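Shown next, in C-alpha cells, is the structure this report addresses.
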Amino acid sequence: MPTEAATRAAVIGLDVGKFSHWACRVNGRGEVLESGPVANTERDLDELFGRVDAGTLVVVDQVRNIGSLAISRARLA
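The numbering used here puts the first residue of the sequence shown at 15, with every later residue one more than the last.
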C-alpha cells in the first residue's frame, strides 16, 4: 500500500528553528530537488511554498510555537 508521500508529486519537510528552518523538497521518486535554510519570515516561507504545486505535502517537525508560522503560510499557499 503506497504512503501518502509516495502518491504526491513532491514533499517538503521542514526542520523548524527559532530563527530559520531547514527545508528539504523531494519528488515522488525520493530525489532531492532542493535542500537548504529558509528564514522564519512570511516572505521567505511564501517564496518557498510559491515554488511548488498546490498538491505538495508539507511536513513540519513542530506544529506549535516555532512551527506555527510555517504551517499557516503553507495553508495559505
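Note that the Cβ used here is the ideal one computed from N, Cα and C, for glycine as well.
Fair warning: this is a prediction, and the values are worked out from it, not measured in the lab.
- The beta carbon of Ala88 lies closer than 6 Å to those of Phe63, Val72 in the same chain, with the five residues before and after it left out.
- Minimum Cα-Cα distance from Arg43 among the listed residues Ser49, Arg65, Gln76, Arg22 corresponds to Arg22.
- By a beta-carbon distance limit of 8 Å, Ala24 contacts Val66. Their separation comes to about 6 Å.
- Inclusion of Gly27 and Ile80 in the CB contact set at 8 Å is not warranted, their separation being larger than that value.
- In this structure, Val40 sits near Val46, with a CB-CB distance shorter than 8 Å.
- Of the residues Asp29, Phe33, Ala84, the one whose Cα lies closest to the Cα of Glu61 is Ala84.
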